[in-house]
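Take a look at the structure below.
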Amino acid sequence: MGISARNKWLSISLLAIILPISTLAALKFSGILREPAPLETITRESVSWSMSRPSDSNVNIGEEVWNTHINGKATIRIGVHIAEYKENPDPVIGPFFGRDGFIFVVYSSLSVLQGAGVSMVVRIIPGDENATMYVKSDLAIEGNVSLTEIGGFNVKGNEAYYKAKVLNSPSHLGMQLYWVFNDPNNENHRLDIVLEATYCENGIYRKIVLPIILQILIVNSLGN
Amino acid sequence: MWAMLTAPVLVFPFEIERPSWSVSYIGRRSENSFGNDEAAVGIGVHIGEYKENPDPVIGPFFGRDGFALRVVCTANTREGIEYSPEPLDTLYDDTFSPPFYEHQLNLGDDDGAWVNLPFQVAFYTSQGGLQSQSLYSKVWICSNGFLCFDNNSTSPNPKYGPEAPNTIMAPYWSDLDPSGGIISYKVDLYSFAPKFIVSWYNVLDKKNGIRQTFEVIIRKSSEGGAPPRFPNMFIFQYRDVTWSYEAQFIIENQVGSKHNRGILEPSIKSLLFYPPASPTPAIQSLSIKLEKQDSTAEIFIGTQYWELSGVNLKTETMVPIGEPWYETALKGCRTLLLSYLLSTITGSGILLAIGTDIFVVGLETVATYSAAMVPVSTVNKKDANETENLAYVSVPAAGDDHSDWPVDASLGAQIYWVFNDNNTLDHSLKITAELTYFSYKTWQNETITTSVNLNVPCDAGNDIATSRKVSSGEYLAYLDHDYDKDDYYNISVSYGQYVEIIMHPPNDANFDLYLYNKQGTIVAQSKRSGNQFEDITYRALYTGPYYIRVNAPLGGVRGFYTLKFLIFLLEVVLLSVFGMEHNTWLTTTLCPLPN
């Protein structure tokens with residue numbers, strides 16, 4: 000007795016549904032097909048640093064500010080070395096081109112004992128419209144990381160960022176930045192520097208957010 | 000094939016004493032240029048800031064001293080553009096018959112007007128390259144029968160050569176009176192061959208009393224199968240002309256070094272100026288080379304967008320920097336003029352040249368030109384560490400082949416010259432701008448260069464024992480009352496010779512000047528109040544060393560001063576000035592020598 004054409008098409012249709020579902024189920028139970036790993040974000044309190052805006056032409060500052068996250072399985076740090084302040088520099092030499100501002104270096108590091116580092120993203124967020132961020136990426140220090148993207152620099156008031164892929168642990172990244180002021184010494188300035196370091200531990204992705212706030216205050220606002 | 004031209008190249012040394020403290024603004028520049036009959040290359044160096052003991056974490060100095068420089072290399076191959084006019088005994092284009100009333104110009108005698116061109120015109124330049132600063136978008140129409148692209152001359156007398164006006168297209172240059180005639184122009188963008196026409200209809204030539212009718216036709220593009228980068232074709236057309244003896248047709252380039260001129264036979268009705276008979280030399284690449292002369296320095300060439308830019312060079316973006324960051328480095332007659340003519344002008348001739356409109360980029364448009372520079376990305380770059388003498392950055396020209404290579408280009412870079420010694424050694428650096436272009440004369444790449452030398456001697460000593468030995472000349476040096484308040488110089492003078500010393504302090508500073516003998520006793524001094532120059536004239540009482548001291552007496556005062564001194568014999572000067580024969584009376588009467 001042969002199978003009727005109607006039953007034949009019904010069987011094919013059922014198979015077309017059952018086969019992909021069972022394949023997907025098999026892949027999932029075997030661990031080949033994974034669900035997106037959950038992402039856990041931990042944001043630490045910001046660390047602040049401030050100073051009054053100098054009036055001298057060339058000031059070596061040499062101060063540092065750090066924010067750290069240590070949990071026994073991973074150590075994440077961001078540090079800012081505030082190096083120099085420039086007042087009325089040469090109008091032809093960049094990136095200040097006659098404007099005032101600071102030179103600083105941002106260090107970020109990620110050391111993972113269990114699991115693996117994934118990425119580091121540093122966001123530079125000016126708190127006002129009268130500042131411009133410049134980057135000197137040709138002097139970047141890459142330790143077990145690879146810079147993947149740099150964006151948003153050189154535009155007044157713009158949020159800037161740079162991203163790096165973590166290749167191994169421990170990893171670190173150093174970047175020289177210029178915080179250039181466009182006002183004539185009459186405005187306070189604020190800069191939020193935020194490290195977003197992501198690592199994976201036991202199938203769970205953890206993003207650690209470490210903010211640092213830099214503030215430059217004009218003397219009058221300090222109650223001279 | 001490739002060849003390096005070995006023509007003599009002037010090298011201008013620039014000397015600046017190593018400051019004893021960080022200087023945010025030095026603001027000095029040096030420049031040079033060189034050209035041949037095809038191309039020219041120029042270099043401008045802005046000596047920017049000096050760093051002394053900077054932050055050890057910040058690069059590229061990392062705690063070491065050094066200078067930040069802004070260097071610009073500029074080049075053009077305009078000198079290689081040649082037009083060969085072709086006469087016709089018929090009108091080239093009779094489509095439009097004058098008078099044109101579409102755009103009539105109400106010009107008086109010896110008058111003119113600027114008119115916007117309907118398309119950009121390349122005249123003694125090229126359409127090549129990605130940027131078009133070298134193209135003209137307006138033209139001056141003069142009642143005396145000529146067009147000018149760079150000048151608003153109304154001269155009734157035909158001129159050629161370096162004297163302004165230049166960049167001339169003159170179909171019939173004479174003393175013309177437009178009254179009773181019509182001077183007008185017409186734009187035709189929709190015909191098979193779009194064109195811009197200027198007509199002088201029935202204007203009176205005061206030289207022969209005859210009314211003349213003639214035109215200039217500028218075609219929108221080059222013709223005859225020429226590559227698109229070639230200059231526009233243009234035609235002089237003579238409908239009714241009786242040449243006076245003083246009238247001339249003239250075409251002339253931007254610097255007056257190339258021209259065609261003359262009087263035409265009455266039978267000639269048209270004169271065609273096709274794109275240059277021989278192809279224009281094409282810029283292939285620009286390079287900046289830095290050769291340090293010692294092994295205690297390093298050179299770092301910045302590559303950020305604010306450190307490396309150019310015009311008509313290979314780029315990934317066409318977004319200009321938008322700021323006049325290279326203006327100071329560019330702003331010099333040698334850096335901007337860049338012609339064979341300039342390279343033959345020296346001394347006061349340069350000042351004469353500034354007075355005329357012969358710049359490829361005018362001084363007034365330098366800031367605009369600088370802001371139009373675009374960050375370059377396709378870079379062949381090498382820094383120099385202590386053991387390497389040569390650093391360079393080289394960028395290929397925009398364009399892919401002979402059809403669109405440029406005739407104007409520039410490259411600007413921020414350079415860091417880092418010193419590894421502890422203020423104890425002299426340093427020098429030779430900076431060379433190099434242009435490589437393809438010559439259709441030799442059918443190979445040719446290279447021309449021009450250089451400047453920067454010399455940085457270490458700080459003059461703070462006492463007689465550590466004084467800096469110098470000879471007659473001019474010195475730029477730095478004093479800072481708080482960190483380096485004295486500079487001592489050691490000079491050798493013969494018995495009876497005069498020493499003339501002049502010191503100009505920096506703005507708002509009061510520096511003093513002293514002269515010591517070999518016993519360390521002051522023999523002359525100049526201590527004017529306020530921000531005045533100081534000077535000393537002294538006759539040597541023995542043969543041997545004397546010591547010049549420049550002193551910053553007041554706290555908080557710092558800056559660069561200029562020290563000039565000359566050692567001479569008075570009788571030699573008098574003889575050279577007055578042409579006198581040797582006269583012992585002069586020396587004994589005016590300045591008696593001691594026994």
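Those protein sequence lines, which keep their order, are chains A and B. Read in order, the letters of the first sequence correspond to residues 0 to 223 in numbering that gives the first Met the number 0. Read in order, the letters of the second sequence correspond to residues 0 to 594 in numbering that gives the first Met the number 0. We put the beta carbon where it would ideally sit given N, CA and C, even for glycine.
Would you verify that the beta carbon of residue i is, or is not, closer than 8 Å to some beta carbon of chain A?
i	result
A371 (chain B)	no
P505 (chain B)	no
I15 (chain B)	no
S286 (chain B)	no
W416 (chain B)	no
A67 (chain B)	yes
Y515 (chain B)	no
H45 (chain B)	yes
Nearest by alpha-carbon distance to residue i: which of the options is it?
i	options	result
Y436 (chain B)	B:S284, B:Y91, B:Y200	B:S284
W178 (chain A)	A:E128, A:N70, A:R5	A:E128
K627 (chain B)	B:Q247, B:R527, B:F567, B:G34	No information on residue 627 (chain B) is available, as it lies outside the stretch 0 to 594 that chain B covers here.
L213 (chain A)	A:N66, A:L18, A:W48	A:W48
G472 (chain B)	B:V451, B:I490, B:D110	B:I490
E37 (chain B)	B:V70, B:Y49, B:E78	B:E78
A645 (chain B)	B:V373, B:S393, B:D187, B:A397	Because chain B spans 0 through 594 in this model, residue 645 (chain B) falls outside it and cannot be assessed.
V375 (chain B)	B:H503, B:I25, B:N388, B:G411	B:G411
M502 (chain B)	B:G34, B:I320, B:A396, B:Y513	B:Y513
H80 (chain A)	A:G71, A:A73, A:E86, A:E62	A:E62
Can you check DSSP and say which residues form a bridge with residue i?
i	result
R67 (chain B)	It is Ala, not Arg, that sits at residue 67 (chain B) in the sequence shown. Paired residue(s): B:Y415.
L90 (chain B)	Looking at the DSSP assignment, L90 (chain B) forms no beta bridge with any residue, so it has no partner.
H243 (chain A)	The first residue shown for chain A is 0 and the last is 223, placing residue 243 (chain A) beyond what the model contains.
C72 (chain B)	B:I42, B:L410
P161 (chain B)	According to DSSP, which records beta bridges pairwise, P161 (chain B) is partnered with nothing at all.
P544 (chain B)	B:S491
L307 (chain B)	B:A412
Y100 (chain B)	DSSP, once it has assigned bridges, lists no residue as partnering Y100 (chain B).
C147 (chain B)	B:W139, B:I167
G142 (chain A)	A:H171
I16 (chain A)	Answer by DSSP bridge pairing: none, since I16 (chain A) is not bridged.
D110 (chain B)	Paired residues: none, contrary to the question.
P94 (chain A)	In DSSP, P94 (chain A) forms no bridge with anything.
R189 (chain A)	A:Q214
G62 (chain B)	According to DSSP, which records beta bridges pairwise, G62 (chain B) is partnered with nothing at all.
C457 (chain B)	DSSP output for C457 (chain B) lists no bridge partner at all.
L116 (chain B)	DSSP output for L116 (chain B) lists no bridge partner at all.
Which same chain residues, not among the five before or five after residue i, have their C-beta less than 8 Å away from its C-beta?
i	result
G348 (chain B)	The pLDDT assigned to G348 (chain B) is 32, lower than 50, so where the model puts this residue is not dependable; a value taken from the coordinates is nonetheless given after this. Here the set comprises nothing.
I262 (chain B)	W242, Y244, A246, Q247, F248
D485 (chain B)	N461, D462, L478, R548, V549, N550, A551
For residue i, collect the residues of the same chain with a Cβ closer than 6 Å to its Cβ; drop the 5 residues on either side in sequence, then sort them by chain order.
i	result
G116 (chain A)	L109, V165, S168, S170, Y198
G160 (chain B)	G255
P90 (chain A)	F96, G97
H45 (chain B)	R28, R69, T327, A328
G301 (chain B)	Q413
Can you name, in chain order, every residue of its own chain whose Cβ lies under 7 Å from the Cβ of residue i, other than the five neighbours on each side?
i	result
I149 (chain A)	V134, S136, Y161
K137 (chain B)	W113, V114, N115, L116
R210 (chain B)	G180, N201, V202, L203
S131 (chain B)	Bear in mind that the predicted position of S131 (chain B) carries a pLDDT of just 48, short of 50, making it unreliable; the figure below should be weighed with that in mind. Hits under 7 Å: Q119.
F61 (chain B)	P55
R527 (chain B)	E533
A614 (chain B)	A query on residue 614 (chain B) cannot be resolved here, the shown segment of chain B reaching from 0 to 594 and no further.
C141 (chain B)	G111, C147, S152, T153
F180 (chain A)	R98, D99, G100, N129, A130, H188
Am I right that residue i and residue j are in contact with their C-beta atoms under 8 Å? What's the rounded C-beta distance?
i	j	result
F99 (chain B)	S190 (chain B)	Not confirmed; about 15 Å, so no contact.
I217 (chain B)	F233 (chain B)	5 Å
L209 (chain A)	N66 (chain A)	4 Å
D88 (chain B)	K268 (chain B)	6 Å
If we define contact as Cβ-Cβ less than 8 Å, is residue i a contact residue for chain B?
i	result
A82 (chain A)	yes
P125 (chain A)	no
I89 (chain A)	Checking the displayed sequence, the identity of residue 89 (chain A) turns out to be Asp instead of Ile. Closer than 8 Å to some Cβ of chain B, the Cβ of D89 (chain A) qualifies, so yes.
K162 (chain A)	no
S108 (chain A)	no
F96 (chain A)	yes
K72 (chain A)	no
Should residue i be counted as a contact of the ligand ADP given a C-beta to heavy atom distance under 7 Å?
i	result
T386 (chain B)	Among the ligands in the structure shown, none appear at all, so the ligand ADP cannot be discussed.
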